[in-house]
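Each remark here refers to the structure printed beneath this line.
Chains as they are written, first to last, in the UniProt record's numbering: chain W, 1 to 298; chain F, 1 to 459.
So this is what it looks like as structure tokens:
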């Protein structure tokens with residue numbers, strides 16, 4: 001319809017018309033509806049029932065309204081978990097992966113291409129290996145008595161995953177996820193005009209000053225996008241379960257692990273669904289904050 | 001457009017919502033005359049791993065024999081064995097999810113204690129409702145108490161797979177080094193702690209392994225809290241009520257504090273994700289002195305040939321003793337010694353396509369010949385009296401369990417709420433191991449219990 005009018009050409013540049021356009025996107029929308037929208041709504045629905053895996057409430061679930069949400073907010077396990085998740089995201093993603101990723105990208109600009117590719121390859125390897133394999137390797141490194149780290153440090157009695165569960169998880173996740181930040185910052189740094197860096201060097205700016213005043217203004221958008229993505233990924237990451245299973249005594253029970261344990265180990269499907277809803281709301285809130293920051297820049 | 005999509009999806013949701021928790025009924029004689037059948041048996045057993053003996057038996061003896069037997073009747077039977085090597089709780093989750101979605105094997109091996117919750121969820125049904133007539137000469141061979149393992153609210157759900165008893169295992173070599181008698185039999189908790197104090201002098205040895213914490217799951221309850229509680233004279237469920245933060249529960253938690261706060265046990269081990277397996281390995285390496293376990297430990301863990309933590313010198317190095325009450329006469333029923341028992345049950349999936357054939361297969365699995373074969377020359381408390389009479393004589397440990405332990409043992413309450421109570425007890429021991437006082441832990445336990453089963457059901 002719009003294609004015939006000169007004014008509408010900008011809106012319908014392909015000249016398909018609304019009906020055909022809908023036809024083209026319908027398969028994608030259908031997939032999104034079936035695999036994304038429907039499960040989300042289904043979770044919402046289960047979240048307002050007392051549905052359980054076994055027992056009487058599995059046969060005849062009852063709608064309990066917002067009771068699950070209220071209970072979750074009052075549950076010390078949930079508050080503990082929110083705090084641990086915040087710590088995990090802040091420590092391993094916002095600070096850890098960001099800083100290490102940028103640091104690597106910045107340092108690798110100037111080294112020989114061969115060395116750079118080797119280091120990039122190694123960093124990437126930790127990112128592309130399957131989670132279960134990686135968890136197994138880390139288990140071997142951190143376990144007590146025969147763990148590699150304990151033997152290297154000469155303190156085989158330390159059970160790292162039990163005595164320092166959150167620290168271990170944060171270091172693990174920094175190691176695991178830095179590759180993405182490194183890649184993103186590498187390409188972002190390539191967009192900084194070399195002439196400006198040269199000028200800064202001639203003006204006698206130190207490395208830190210250059211990064212702060214010349215590089216950062218150019219890559220601010222990248223920093224925000226990167227931080228948003230890795231924050232959300234980390235908040236939803238389930239790999240901690242493979243390493244500590246939330247233990248010892250809930251000390252590393254981040255939200256995805258808590259939800260899994262409540263749903264499948266305790267069988268409280270309704271309660272766990274309400275918790276997933278709260279996690280979703282939390283993620284949306286984080287995303288909104290970042291988006292606002294991005295817009296302010298624009 | 002967008003609004004219609006959303007409403008459409010909501011409509012679908014509402015339709016499906018009616019399906020939440022729905023289960024189906026079927027005709028018991030369906031496909032009874034089929035000439036080609038497929039049956040799947042699901043067990044938490046895997047060749048070369050967990051319960052390897054059971055897995056080998058199913059794969060190499062049961063399946064070929066039963067297929068042959070059916071062939072003679074003109075029926076082509078395909079029997080599949082779905083192997084699992086998971087923790088018990090994970091396996092339960094898997095079975096429940098299978099049954100919930102209308103899938104799962106035709107015959108499933110479950111822990112007797114799960115019957116209540118699975119039955120109340122409608123995920124399993126009384127055997128007679130699933131397969132029709134359940135007459136079988138084998139019932140006469142299974143003692144009433146053992147049959148009770150396969151029952152819930154007075155109705156039979158499956159055929160039990162045998163039972164067990166809990167004792168204190170100890171390492172005789174370490175006992176000799178510590179100057180303790182190798183025919184040790186403690187008469188009170190104090191005796192156990194005293195022996196632990198002597199063992200503590202040996203370098204690199206953890207004196208006592210008393211399962212604690214949530215990572216060990218049901219093993220904490222069954223090989224820890226419940227036998228101890230029985231030793232205080234008050235079982236966990238009594239007169240229709242669950243025991244709250246009573247003196248007896250506090251006594252049990254106080255014992256945990258003495259073990260883990262007093263350097264007699266290894267608190268870190270209780271919190272590790274694979275702590276139980278590790279405790280087995282440590283025992284077999286002569287690094288744990290005393291360990292409370294069921295005869296499973298003797299049969300499948302330190303067993304010299306097929307055990308998961310083999311001890312070549314098991315027969316001379318491993319001793320066993322009855323679990324003492326807090327002090328003589330303080331146990332349930334005024335007993336001096338106590339134990340707890342449980343066991344697995346094979347149930348028929350209500351969704352099976354071949355209920356009659358599944359029942360026939362179940363009878364075959366529990367025939368004297370099959371049960372005897374399943375032992376592969378080893379001894380075990382099977383469900384069948386005729387087999388027990390024959391096989392137990394050769395094994396002093398199992399004879400001990402049959403003669404000394406089973407007469408004094410108790411079973412867990414087969415109620416749907418039990419797993420929640422069990423989880424609360426595990427958490428209480430975890431709290432004590434992590435340094436909380438027994439009083440605080442008992443208080444938190446009571447709160448968790450009230451939340452799980454309701455104020456009115458807590459005594």
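Glycine included, every Cβ here is placed at the ideal spot set by N, Cα and C.
Below-8 Å beta-carbon distance, residue i vs any chain W residue
i: residue 462(F); result: As displayed, chain F neither begins before 1 nor continues past 459, which places residue 462(F) out of reach and without an answer.
i: residue 317(F); result: no
i: residue 449(F); result: no
i: residue 122(F); result: yes
i: residue 268(F); result: yes
i: residue 521(F); result: Residue 521(F) cannot be examined here, being either before or after the span of chain F that is shown, 1 to 459.
i: residue 93(F); result: yes
i: residue 89(F); result: yes
i: residue 390(F); result: no
i: residue 100(F); result: yes
i: residue 117(F); result: yes
i: residue 442(F); result: no
i: residue 96(F); result: yes
Cβ pair residue i, residue j closer than 8 Å
i: residue 227(F); j: residue 166(F); result: yes
i: residue 43(F); j: residue 306(F); result: no
i: residue 442(F); j: residue 173(F); result: no
i: residue 57(F); j: residue 303(F); result: no
i: residue 460(F); j: residue 77(F); result: In this structure chain F extends from 1 to 459, so residue 460(F) is not present and cannot be described.
i: residue 241(F); j: residue 458(F); result: yes
i: residue 236(W); j: residue 181(W); result: no
i: residue 69(W); j: residue 272(W); result: no
i: residue 171(F); j: residue 288(F); result: yes
i: residue 82(W); j: residue 231(W); result: no
i: residue 383(F); j: residue 161(F); result: yes
i: residue 295(F); j: residue 397(F); result: yes
i: residue 118(F); j: residue 110(F); result: yes
i: residue 239(W); j: residue 252(W); result: no
i: residue 415(F); j: residue 116(F); result: yes
i: residue 342(F); j: residue 231(F); result: no
Boundaries (first-last residue) of the alpha helix (DSSP H) holding residue i
i: residue 129(F); result: 127-131
i: residue 460(F); result: For chain F, the structure presents residues 1 to 459; residue 460(F) sits outside this window and is missing.
i: residue 429(F); result: 418-433
i: residue 22(W); result: 18-32
i: residue 113(W); result: 113-128
i: residue 103(W); result: 98-108
i: residue 354(F); result: Segment: none, residue 354(F) is in no alpha helix (DSSP H) and carries neither H nor E.
i: residue 82(W); result: 76-88
Chain F contact for residue i (CB, 8 Å cutoff)
i: residue 16(W); result: no
i: residue 5(W); result: In this prediction, residue 5(W) scores a pLDDT of 48, lower than 50, which makes its location untrustworthy; the coordinate-derived value is nonetheless stated afterwards. With 8 Å as the cut-off, residue 5(W) does not count as an interface residue toward chain F.
i: residue 47(W); result: no
i: residue 290(W); result: no
i: residue 54(W); result: yes
i: residue 59(W); result: yes
i: residue 253(W); result: no
i: residue 199(W); result: no
i: residue 285(W); result: no
i: residue 19(W); result: no
i: residue 266(W); result: yes
i: residue 162(W); result: yes
i: residue 156(W); result: no
Residue i: first and last residue of the uninterrupted beta strand (DSSP E) it sits in
i: residue 291(F); result: 288-294
i: residue 207(F); result: 206-209
i: residue 168(F); result: 166-171
i: residue 64(W); result: Where residue 64(W) is concerned, there is no enclosing beta strand (DSSP E), given that its DSSP letter is neither H nor E.
i: residue 346(F); result: 344-348
Residues that residue i bridges to, as DSSP identifies them
i: residue 82(F); result: 42(F)
i: residue 36(F); result: 76(F)
i: residue 397(F); result: BP columns for residue 397(F) are empty, so no partner.
i: residue 339(F); result: 409(F)
i: residue 321(F); result: 168(F)
i: residue 110(F); result: 345(F)
i: residue 156(F); result: 151(F)
i: residue 458(F); result: 242(F)
Complete runs of the alpha helix (DSSP H) confined to the region 174-236 of chain W [at least 4 residues] | Counting whole runs of 4 or more residues, the region 174-236 of chain W contains the alpha helix (DSSP H) stretches 194-202, 207-210, 216-235.
Can you check the region 243-301 of chain F for any beta strand (DSSP E) of at least 3 residues that lies completely inside it and give the ranges in chain order?
-> Counting whole runs of 3 or more residues, the region 243-301 of chain F contains the beta strand (DSSP E) stretches 288-294.
Please go through the region 231-274 of chain W and give each complete alpha helix (DSSP H) segment of 4 or more residues, from N-terminal end onward.
-> At a cut-off of 4 residues, the continuous stretches assigned as alpha helix (DSSP H) that sit fully inside the region 231-274 of chain W are 239-244, 255-260.
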